[in-house]
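Numbering (the working numbering), first residue to last: 5 to 695.
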């Protein structure tokens with residue numbers, strides 16, 4: 005989706021400026037209440053601001069400078085959290101505005117009689133309703149989402165997909181869906197509207213990318229509940245410490261040495277504010293990364309489920325193989341020479357424009373240099389392939405040459421009085437067992453040999469499947485081939501299992517079987533016959549070129565219509581979960597350093613022995629509290645790029661990922677605050693901000 009990658013008028017500076025403005029708008033109480041952890045910071049900022057104002061009136065909780073400084077830092081903490089969310093939303097808004105720019109109200113040719121293409125009425129595209137029929141001609145923009153019911157045309161979908169190459173849309177089959185906002189380049193189409201106004205594909209895209217339709221995922225909600233529980237515990241701990249210190253002081257006839265301001269600072273530092281501030285930004289950024297991969301997720305839950313998927317159902321054609329079989333070998337039989345077989349096979353394929361036919365011509369040139377035929381001297385009459393005969397060929401001055409399926413050629417040869425030998429049958433069986441497709445060539449009623457058509461496995465596919473296996477993901481190839489062919493291709497591609505002679509019922513049964521065993525299943529599809537399985541799968545990626553039924557059944561739509569995109573979607577989902585887990589680990593580990601910074605400083609008056617725990621050698625209780633609170637605010641800003649970009653993804657097992665997470669973000673979360681708080685303390689004292 006080019007609109008997601010190139011956002012006209014939206015530089016990083018402009019997005020940041022708008023995010024900064026939104027940070028202040030988000031200080032509204034109703035907005036803050038949506039994030040309970042940051043609501044605590046918000047309330048603490050208000051409380052310390054009131055205390056600072058009271059100190060000016062002679063009602064002292066703590067010195068005015070200390071209270072006002074803590075209040076200012078707490079307000080900055082709230083603003084930084086808002087900024088993290090706003091910058092992620094700003095990227096989505098930029099994408100949404102670019103999409104809106106690509107959509108405009110156009111004139112639609114509403115058909116009153118489907119059979120009479122000239123009897124149409126011009127109406128605004130907004131006036132079209134579900135079920136209406138319209139006709140669109142070359143050079144015109146398609147006014148609404150729909151299903152082609154008549155015609156075939158070349159369509160420019162670059163406004164939606166970013167892909168400049170036009171695509172063919174036609175009635176029937178799995179390439180009948182068209183999207184409003186795309187442009188007809190040739191011919192014409194009659195389209196039936198499939199969506200009401202405001203519910204089009206483009207409308208859904210805009211709602212999703214700007215975050216209006218983003219709902220928190222189950223894992224996100226569960227983590228938020230955990231963070232709230234931690235926060236409640238720390239509130240109780242802080243209140244207990246304040247009460248305890250007051251009791252001890254009263255026994256000695258002194259005032260409570262702990263101020264409410266210091267307690268507010270302690271509470272904010274101990275609460276999981278870092279992950280609380282970044283949690284929403286992580287989810288929005290995950291959605292944005294998926295959008296930049298040209299995938300539209302209908303819900304945030306689908307992205308999260310992609311991260312937990314452990315079963316991938318992959319179509320063979322276009323995903324594992326290139327999709328076009330290619331000639332790889334000429335195998336002569338019954339005494340025929342390999343050159344004569346290649347010559348006859350090439351001659352019969354000169355008019356064959358299929359990828360298989362062209363590959364036969366190329367293979368003959370490569371192996372025997374057969375080229376530069378004088379076709380005008382050959383008196384050629386080409387016989388096109390038909391579903392009835394399952395053969396094609398050529399009639400020439402040398403006689404009849406035919407190539408086709410083994411049983412079709414056998415019937416042709418035997419009808420001509422020829423013999424279909426056992427040697428030929430053995431070659432056919434061998435090719436089938438290797439996962440190839442045998443094409444038999446015959447000339448004047450005599451079998452010359454077999455062309456070995458091979459499904460070409462895509463480069464790097466086997467390595468990708470090995471990486472997925474390391475992550476605990478099982479790959480299953482779905483193919484309509486017979487079990488013998490499927491076995492050979494599955495072995496060559498390195499998939500874990502396969503489903504041969506796949507039917508819609510078989511796919512659905514397979515998904516249900518794995519789900520019953522506790523697995524999460526992902527699959528791709530583009531046809532109406534894929535809709536039941538897509539509806540059942542936990543992560544269902546429908547191709548944008550597919551039917552409306554497939555797109556409605558899926559919970560994601562791949563705008564590039566690339567079956568291999570499923571692997572990238574799983575990576576993005578896992579990266580989202582890894583990022584959330586890593587920053588949660590870092591946030592909790594941060595607390596250890598804050599304990600050593602604040603707790604000794606607060607209670608050193610009551611318990612001088614606690615000075616031994618001041619391992620950072622902070623200058624004073626005030627500087628310790630100030631340094632910890634400032635660090636707590638600044639670390640949110642420092643982690644925004646990581647939250648937006650995501651943790652670097654690697655294909656590793658769960659155990660390896662956990663160990664790496666603990667070593668980098670767990671240990672780092674302990675070490676970094678010690679260093680940073682000490683540096684901030686030195687700056688505060690060195691600059692004279694605190695004496």
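All residues carry an ideal CB built from backbone N, CA and C; glycine is no exception.
Just list the residues that DSSP pairs residue i with in beta bridges.
i	result
residue 528	545
residue 141	192
residue 660	For residue 660, which the question treats as bridged, DSSP gives no partner whatsoever.
residue 445	407 and 453
residue 156	174 and 192
residue 461	325
residue 197	150
residue 187	145 and 160
residue 182	150
Considering just the uninterrupted stretch of the alpha helix (DSSP H) at residue i, what are its terminal residues?
i	result
residue 367	359-372
residue 246	222-255
residue 621	Per DSSP, residue 621 belongs to no alpha helix (DSSP H) and is neither H nor E.
residue 611	Element bounds for residue 611: n/a, residue is neither H nor E.
residue 675	671-690
residue 538	535-540
residue 345	342-353
residue 356	Element bounds for residue 356: n/a, residue is neither H nor E.
residue 508	508-520
residue 487	487-497
residue 437	426-437
residue 35	33-36
Going by the CB atoms, is the gap between residue j and residue i shorter than 7 angstroms?
i	j	result
residue 334	residue 318	no
residue 337	residue 498	no
residue 643	residue 282	yes
residue 366	residue 350	no
residue 195	residue 152	yes
residue 188	residue 142	yes
residue 199	residue 149	yes
residue 84	residue 640	yes
residue 485	residue 504	yes
residue 637	residue 77	yes
residue 312	residue 524	yes
residue 684	residue 603	no
residue 3	residue 301	Examination of residue 3 is not possible in this model, given that the chain is present from 5 through 695 alone.
residue 41	residue 231	yes
residue 588	residue 670	no
residue 316	residue 526	yes
residue 276	residue 234	yes
residue 417	residue 446	yes
residue 52	residue 71	yes
residue 506	residue 482	yes
residue 432	residue 410	yes
residue 329	residue 360	yes
residue 265	residue 66	yes
residue 161	residue 186	yes
residue 383	residue 407	no
Could you give the first and the last residue of the continuous beta strand (DSSP E) run that contains residue i?
i	result
residue 172	171-174
residue 456	450-458
residue 479	478-482
residue 330	330-336
residue 387	385-387
residue 125	124-128
residue 559	First-last for residue 559: undefined, no H or E at that position.
residue 399	395-400
residue 503	501-503
Flag residue i as yes if its beta-carbon sits less than 7 angstroms from any beta-carbon of chain C, otherwise no.
i	result
residue 284	The structure shown contains no chain C; it is built from a single protein chain.
Taking 6 angstroms as the cut-off, does the CB of residue i come closer than this to any heavy atom belonging to the ligand HEM?
i	result
residue 507	Judged by which ligands are present, the structure shown has none, so any question about the ligand HEM falls away.
Could you tell me which whole alpha helix (DSSP H) segments of length 4 or greater appear in the region 53-121?
Listed in chain order, the complete alpha helix (DSSP H) runs (minimum 4 residues) inside the region 53-121 are 68-106.
Whole beta strand (DSSP E) runs in the region 274-325 with 3 or more residues, listed along the chain?
For the region 274-325, whole beta strand (DSSP E) runs of length 3 or above, ordered along the chain, are 299-301 and 315-319.
Between the region 296-312 and the region 545-565, do three or more beta carbon pairs fall short of 8 angstroms?
Verdict: yes, contact present.
With three or more C-beta pairs closer than 8 angstroms as the rule, is the region 594-607 touching the region 653-670?
The region 653-670 vs the region 594-607: no contact.
For the region 642-657 against the region 558-567, do three or more pairs of beta-carbon atoms, one drawn from each stretch, fall closer than 8 angstroms, so that the two count as touching?
Taking a contact to require three or more Cβ pairs closer than 8 angstroms, the region 642-657 and the region 558-567 do not qualify as touching.
Do the region 626-634 and the region 649-660 meet, that is, are 3 or more Cβ pairs less than 8 angstroms apart?
The region 626-634 is not in contact with the region 649-660.
Given 8 angstroms as the limit, is there contact between the region 434-444 and the region 465-480, that is, 3 or more CB pairs closer than that?
Contact fails: fewer than three Cβ-Cβ distances are below 8 angstroms.
Are the region 571-580 and the region 278-295 in contact at 8 angstroms, needing three or more beta carbon pairs?
Yes: at least three Cβ pairs fall under 8 angstroms.
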